[in-house]
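Note that the protein sequences, when read in sequence, are chains A and B.
Counting from 1, position 393 in the first sequence corresponds to residue 386 in our numbering; the numbering is continuous, with no gaps.
Counting from 1, position 423 in the second sequence corresponds to residue 416 in our numbering; the numbering is continuous, with no gaps.
Using N, Cα and C, we set each Cβ at its ideal position, and we do this for glycine too.
Remember, it's a predicted structure, so these values are computed and weren't measured experimentally.
Accompanying notes for the structure given below.
Number of protein chains: 2
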Amino acid sequence: MKSGKKIPSREKEYAAFAPYDESSADILSIKKQVLDRIRPGPDERRRLEEMRSLLIEYVRDAALHLGETDVMPLAVGSAARSTWLRGNHDIDIFISFPETLSKEEMGTRGYAVAAEVAKRADSFEDRHSEHPYLHVVKDGFEVDLVPCFRIADPSAIRSAVDRTPFHCRFVKENIKGREDDVLLLKQFMKGAGVYGSEVRNSGFSGYLSELLVIYYGSFDNVVNAAAQWKPGIVIDIVGHAAASFDDPLVMIDPTDPKRNVAAAVSLDKFAAMADHARSFARRPSDSFFFGKTCPPLSDAEIVSLLRERGTHFLAVCFGSPQKADDTLYPQLFKTERSIREILRINEFQVLNTLSYGDDAACIVWVELFSGVLPPVRLKEGPPVWVHPNGDAFREKYASRADTYALFIENGHYMAEIPRPYRTAKELIAAKTGTEIALGKHVREVLAAGFDIFENDEICRIRSEGFRSALREKIFRHLS
Amino acid sequence: MKSGKKIPSREKEYAAFAPYDESSADILSIKKQVLDRIRPGPDERRRLEEMRSLLIEYVRDAALHLGETDVMPLAVGSAARSTWLRGNHDIDIFISFPETLSKEEMGTRGYAVAAEVAKRADSFEDRHSEHPYLHVVKDGFEVDLVPCFRIADPSAIRSAVDRTPFHCRFVKENIKGREDDVLLLKQFMKGAGVYGSEVRNSGFSGYLSELLVIYYGSFDNVVNAAAQWKPGIVIDIVGHAAASFDDPLVMIDPTDPKRNVAAAVSLDKFAAMADHARSFARRPSDSFFFGKTCPPLSDAEIVSLLRERGTHFLAVCFGSPQKADDTLYPQLFKTERSIREILRINEFQVLNTLSYGDDAACIVWVELFSGVLPPVRLKEGPPVWVHPNGDAFREKYASRADTYALFIENGHYMAEIPRPYRTAKELIAAKTGTEIALGKHVREVLAAGFDIFENDEICRIRSEGFRSALREKIFRHLS
């Protein structure tokens, strides 16, 4: 294994940082306390292992029943490598087919096997990433049954899920004896709010946290290194990188030289991890492992927040397209960015924005300095000597009776004209469905109608998920 | 004479512009009508010439009386070259001494001669540019009596005023027969609001307008050329430029190869001249020669403007340092720019600003979207990985009980904190005399105290000059 790229640093900048001593009594005691809370007990371990064996048996039975003679079930995921956090009852079972099959055949036949297994579960639902798979619940365990190809060479994978067995094998081979470090790191990332690589989170995946432990050697080493991270960290454990990346953190996949395992990590989650690690190193405490809970804001809290902040709340509410978060959130974020930009262009001062969506409703919330602006607005035209644009601008506003003023500033024509939308509500209402950028599914639900609530009308939004997210947004504090 | 630099142009841009026909009946009739209003009549001409002769005689008498044997009076200025506009009773008499004298001697002895002349005037006052001079009033004429050196070579002048006799001679030698063109151009520039090279105006001087007529050949040619001006015009009538300039308009002084006669012309006055010329060429009319009058705003008008515009007016009022406009206005503009910048930094949205000063009072007026902002303000800190700055920012706001939120955005620490000044009035009151940039004289009068008036309190400002300037500002329109 090669050493990762060292962080370029000026001595002065880091003079203030001293790595913590991993063998201090404090640290040992904190880690022990945390592990006592997060490490699965012997009972949980046994139950999970039994369930895993049972499911593998079910897959074999199903294959037999359907006449599939070359199907191999594989247990992957954290449950398969003893790096799951207590109470996390997710099991991933891959149903692998020989790579001689076509993608369609593999998909259809794999789904058939999964469906056969699902008959023996308590409940099931269809899910979809690159291919359809089945999510089933059995005795309280959440199980994904995923058809895949059984590939010899990881560089020749045929669908995204085919990588997973290779990941599982690499971790299993290299993590031995450091499972507790992975548990600690995952929990630490949860405390930092950076765990989870879904679009909504844009943080660190379980696999990435395992690779960090493998590379740096221990939980403590990861934290002491992260405390000094700057964007541009490149880690290439097996030294086989075959592509370069612009991401703040690059972890070359040990099973695929062209893939960055940390591609989903946003700059802000990267920075939040660095900040969290740095703060922990300064004043270690078990509080860094456990985030604050965010109960929904009550009506009274919303009203009192409005009074204290003196700002204007506005929420665009519409139906849910009932898609997976990873499909829905990119679309919500797009709408949120677009609303922010349209407000900015129209001179409304935006303090905060938030997107929230679940199976019941979608909400884009914005906090403004003011929801209303003066009726007069300054419009910048072309330079006086750029024609025909200059002439056209001048003629247009010279001939309008409602032009307040027409003049020259910094060589440009300028006009004071009536503001087309005096209130943010009118503006957003008019632009939703026209200029505001919308993803496919959000567009569809918006076409069915939307509400705009302002200030204490926000209390009409009953969604507890939204009210929790709003609390988290408004009261966000670094630990 | 050389041809001026041609304007770089793309054909498309100018496709829309066609120079007007200077021999059309319309144009001839407009020019005749305008000249009938602005050309001094025979009576005025005679009276002015008599006064000029009388003053020259007075200077000779005074020199004789004081035993000055080598003093020569010179009539300069528009009165001396028949390019003055009707009713403009300004006469410039220069009192020239041989260049063998020291600057101090010339100044003292010249001032003594001027003072002797002033005894025979109706009133007089001391004025000051590079050297002291006297401004006297005699029979309704405003006369400047300016001591200067009598220099042989214009490249060897010893004070700024020594140039004037050379300017006068150059114009006299070249303007013959085109005096009416100069009158038309000066009046046209007044109509455009670009005539006058004082700091407050930053427009075209009389000398510059004469050189433009000399270079382009006629009023019509100047207008048709100006209609196509872009910044970067360089005119060098005698082809002797010995310096380069960044100004939008460069007119190399025919009497000084290193001087730009148009240095005072701001980009906006340059553009306004181009715009005015272009509009005149499109739809010629005598209205282009006569600006609108700007009577002072009444109290009722101020109140109704506030209602219609829905904005917030704020005026900082302080005493006058009683300095010449060219001393006072640069200082007022500095304060105005600084106030605008401080408001912007503090997130107040500024629509307009205006400076006004005369011998009675100074006023800096601003028009804001709102005079009050929410109590919460977003403060951007350093990137998370830049230390010790990042650590310091984080510690500071993490430890303050009044921090609303502390988080990471675009890799930077961000804090929501209490806004130090919720109202523009508090902000300006606190920063006046500290962060707001002040010139020497404005600093002195501000130290003696200032008032801040808001909205209809503006009516307490009785200054008619300010109220006229405010009308001009708010209702500015291109003709």
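I need the boundaries of the alpha helix (DSSP H) containing A:F459, first residue and last residue. Element bounds for A:F459: 457 to 467.
Neighbouring residues, chain E, relative to B:I401 (Cβ below 8 Å): Annotation note: the requested chain E is absent from the structure, which comprises protein chains A and B.
Would you tell me roughly how many angstroms separate the C-alpha atoms of A:K(-5) and A:R40, rounded to the nearest one? Residue placement at A:K(-5) is flagged as unreliable, the pLDDT there being 42, under the threshold of 50; the coordinate-derived value follows with that caveat. For A:K(-5) and A:R40, the distance between alpha carbons rounds to 39 Å.
Quick test of the definition: if touching needs 3 or more C-beta pairs under 8 Å, does the segment 253 to 268 of chain A touch the segment 199 to 214 of chain A? yes
With DSSP collapsed to three states, give me the class of A:T101. helix
Whose C-beta lies closer than 8 Å to the C-beta of A:A440 among residues of the same chain, with five residues either side of it excluded? G426
Pairwise C-alpha distance: A:A218 and A:C452: 44 Å
For B:E457, which residues from the same chain have a beta carbon less than 6 Å from its beta carbon, with the 5 sequence-adjacent residues on both sides left out? P289, listed in sequence order.
Using a threshold of 9 Å, state whether the C-beta atoms of A:L138 and A:A111 are closer than that. In this structure, A:A111 lies closer than 9 Å to A:L138 by Cβ.
Using Cβ-Cβ distances below 7 Å, what residues of the segment 172 to 197 of chain B are close to chain A? Residues passing the 7 Å Cβ filter: none.
Quick check: the segment 375 to 384 of chain B against the segment 347 to 359 of chain B, are at least 3 beta-carbon pairs closer than 8 Å? no
Can you name the residues of chain B whose CB is closer than 9 Å to the CB of A:F273? Chain B residues near A:F273: none, gap ~13 Å exceeds 9 Å.
Name the two residues that bound the continuous alpha helix (DSSP H) containing B:I49. 35 to 59
Using 8 Å for Cβ pairs, my map puts A:G284 next to A:V438. What's the rounded Cβ distance? In fact, because the Cβ distance is near 31 Å, the residues do not count as touching under 8 Å.
Rounded distance between the beta-carbons of B:Y406 and B:R393, thought under 8 Å: The pair is not a contact, with the Cβ atoms about 13 Å apart (cut-off 8 Å).
Who are the neighbours of B:S363 on chain A, taking C-beta pairs under 7 Å? S363
So, are the CB atoms of B:A430 and B:T328 less than 9 Å apart? The Cβ atoms of B:A430 and B:T328 lie closer than 9 Å to each other.
Is A:D319 near the ligand MG, with its Cβ less than 8 Å from a heavy atom? With respect to the ligand MG, the structure offers nothing, as it holds no ligand at all.
Go to A:F273, then tell me how far its alpha helix (DSSP H) extends in each direction, as first and last residue. 260 to 275
Go through the segment 96 to 173 of chain A residue by residue and report every complete run of the beta strand (DSSP E) that reaches 3 residues or more, in order. 116 to 121, 125 to 131, 134 to 143
Given this structure, state the Cα-to-Cα distance separating B:E50 from B:E191, to the nearest angstrom. 31 Å
Contact the segment 112 to 132 of chain B vs the segment 150 to 157 of chain B: 3+ CB pairs below 8 Å: yes
Compute the distance between the beta-carbons of A:I226 and A:A234, then report whether it is under 9 Å. Not in contact: A:I226 and A:A234 (Cβ atoms no closer than 9 Å).
Span of the alpha helix (DSSP H), counted from its first residue to its last, around B:L299: 292 to 302
Select from the segment 433 to 455 of chain A all residues with a C-beta closer than 9 Å to any C-beta belonging to chain B, and list them in chain order. Listed by position along the chain: nothing, the set is empty.
Any C-beta of chain B under 9 Å from that of A:W222: Taking 9 Å as the CB threshold, A:W222 lines the interface with chain B.
Note down, in chain order, every chain B residue with its Cβ under 8 Å from the Cβ of A:A391. H470, L471
Residue from A:E409, A:G350, A:Y390, A:H305 whose Cα sits closest to the Cα of A:R455: A:G350
Go ahead and pull the three-state DSSP assignment for B:P1. Confidence at B:P1 is low in this model, with a pLDDT of 46, below 50, so the placement of that residue should be treated as unreliable; the coordinate-derived value is given next. In the structure shown, B:P1 sits in coil (DSSP, three-state: anything other than H, G, I, E or B).
Alpha-carbon to alpha-carbon, A:L420 and A:C141: 49 Å
Between the segment 163 to 174 of chain A and the segment 83 to 95 of chain A, can you find at least three pairs of beta-carbon atoms closer than 8 Å? no
Between which two residues does the beta strand (DSSP E) containing A:H305 stretch? For A:H305, the enclosing beta strand (DSSP E) has its first and last residue at 305 to 312.
Excluding five sequence neighbours on each side, which residues of the same chain lie with their C-beta closer than 8 Å to the C-beta of B:Y200? Counting only Cβ-Cβ distances below 8 Å, and skipping sequence neighbours, we find H160, V164, V254.
Please report whether the beta-carbon of A:Y397 lies at a distance below 9 Å from any beta-carbon of chain B. yes
Extent of the continuous beta strand (DSSP E) to which B:Y406 belongs: 405 to 411
Under 7 Å, CB to CB, which of the residues in the segment 273 to 297 of chain B have a partner in chain A? none
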